[in-house]
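Contents: one structure, followed by commentary.
Residue numbers (the working numbering): 1 to 345.
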């Protein structure tokens with residue numbers, strides 16, 4: 001790794017994007033290296049990878065991606081604008097156990113995320129792009145969270161956010177996240193729906209620059225309850241809420257049967273779609289946008305994106321990982337930063 005000692009001069013007005021590698025035994029390091037191998041990215045932003053120079057060097061050699069050269073820094077006011085920068089978050093030379101879950105990989109994933117979150121809070125970086133972690137090997141005493149989203153909510157004092165899956169022309173949020181399916185109906189209250197619709201509406205305006213967003217709400221039950229024959233959540237909760245929001249001038253429509261909605265390609269008619277529960281939205285999104293989709297956390301005071309896939313242990317270290325989703329996550333972070341800077345009156 002080449003070290004840069006001179007003060008930064010070029011590119012000082014470009015946004016600074018922080019990147020965390022996630023579980024280093026998964027595909028995180030590979031998709032990061034493949035993304036950063038395109039040196040045009042340094043024309044759009046300055047990059048800081050939070051991780052380990054030793055670990056990234058091992059992957060550079062293993063995958064024959066040695067054209068990616070990092071500038072190792074300890075002080076972030078000495079960033080090199082012409083190449084990716086790297087901060088060492090641990091000094092131990094942990095062995096790679098590619099394709100397997102280890103406690104060391106989970107600990108390192110936490111240390112990188114923790115450091116990046118501190119810098120995000122201090123304004124050192126402008127946005128964060130996270131590669132996948134394995135929730136099962138994250139140290140429970142340090143990371144008692146279901147995932148990145150809840151960790152960031154805690155760090156930035158936000159009680160609620162919205163998992164927002166984004167691809168070109170497609171934006172799907174979920175009203176309930178990582179909870180068992182048998183708990184969904186109980187969790188899906190009118191207040192929760194109203195909150196999630198509000199988060200989506202405000203994000204579409206602030207983060208995507210859409211002046212008057214048009215939003216679809218998917219029903220909880222098959223056939224959206226079929227007028228109460230297969231459940232009454234739609235009639236008793238969703239429909240009255242939609243009427244109330246329409247009276248306030250918001251373009252909220254539904255509830256729609258989820259299968260027919262996507263089968264008829266109705267997603268193309270809306271700026272955002274709120275699914276009633278996690279898999280209702282994620283199955284459709286991954287079927288339509290698996291290799292290019294992005295997970296954006298709406299409702300946070302900061303910008304965080306991630307690829308819409310997991311650690312993919314089965315292909316880790318084999319030079320098979322597709323970086324398109326990670327690359328799209330980086331570009332979306334830049335787009336959201338730009339939209340927030342421009343603002344909507």
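Ideal Cβ placement from N, Cα and C applies to all residues, glycine included.
Local Cβ density within 10 Å of residue i, reported as buried at 16 or more and exposed below that
{"i": "residue 316", "result": "buried"}
{"i": "residue 179", "result": "exposed"}
{"i": "residue 30", "result": "buried"}
{"i": "residue 338", "result": "exposed"}
{"i": "residue 280", "result": "buried"}
{"i": "residue 182", "result": "exposed"}
{"i": "residue 134", "result": "buried"}
{"i": "residue 246", "result": "exposed"}
{"i": "residue 48", "result": "buried"}
{"i": "residue 19", "result": "buried"}
{"i": "residue 103", "result": "exposed"}
{"i": "residue 88", "result": "buried"}
CA-to-CA distance, residue j to residue i, given in whole angstroms
{"i": "residue 213", "j": "residue 201", "result": "6 Å"}
{"i": "residue 277", "j": "residue 26", "result": "27 Å"}
{"i": "residue 61", "j": "residue 118", "result": "31 Å"}
{"i": "residue 147", "j": "residue 112", "result": "14 Å"}
{"i": "residue 193", "j": "residue 288", "result": "25 Å"}
{"i": "residue 21", "j": "residue 216", "result": "34 Å"}
{"i": "residue 28", "j": "residue 312", "result": "9 Å"}
{"i": "residue 1", "j": "residue 125", "result": "Low per-residue confidence applies at residue 1: pLDDT is 45, beneath 50, and the placement is therefore not dependable enough to give any value."}
{"i": "residue 37", "j": "residue 120", "result": "24 Å"}
{"i": "residue 24", "j": "residue 77", "result": "27 Å"}
{"i": "residue 137", "j": "residue 271", "result": "37 Å"}
{"i": "residue 152", "j": "residue 106", "result": "17 Å"}
Any non-hydrogen atom of the ligand GTP closer than 7 Å to residue i Cβ
{"i": "residue 100", "result": "The ligand content of the structure shown is nil, which means the ligand GTP is not present either."}
Same chain, Cβ closer than 7 Å to residue i, five either side skipped, listed in chain order
{"i": "residue 341", "result": "none"}
{"i": "residue 208", "result": "339"}
Cβ shell of residue i (< 6 Å), same chain only, five flanking positions each side left out
{"i": "residue 71", "result": "4, 80, 83 and 85"}
Neighbourhood of residue i by C-beta distance below 8 Å, restricted to the same chain and skipping five residues each side
{"i": "residue 235", "result": "225, 227 and 228"}
{"i": "residue 64", "result": "319"}
{"i": "residue 269", "result": "214 and 216"}
{"i": "residue 292", "result": "167, 168, 324, 325 and 328"}
Residue i vs residue j beta-carbon contact at 8 Å
{"i": "residue 330", "j": "residue 68", "result": "no"}
{"i": "residue 219", "j": "residue 177", "result": "no"}
{"i": "residue 59", "j": "residue 33", "result": "yes"}
{"i": "residue 127", "j": "residue 333", "result": "yes"}
{"i": "residue 274", "j": "residue 196", "result": "yes"}
{"i": "residue 309", "j": "residue 144", "result": "no"}
{"i": "residue 190", "j": "residue 241", "result": "yes"}
Could I get the ranges of all uninterrupted beta strand (DSSP E) runs contained in the region 87–132, with 3 residues as the minimum, in chain order? 127–130
Complete runs of the beta strand (DSSP E) confined to the region 268–345 [at least 3 residues]: 272–275, 294–298 and 303–307
What are the start and end residues of each continuous alpha helix (DSSP H) run of 4 or more residues lying completely inside the region 200–261, in chain order? 239–247
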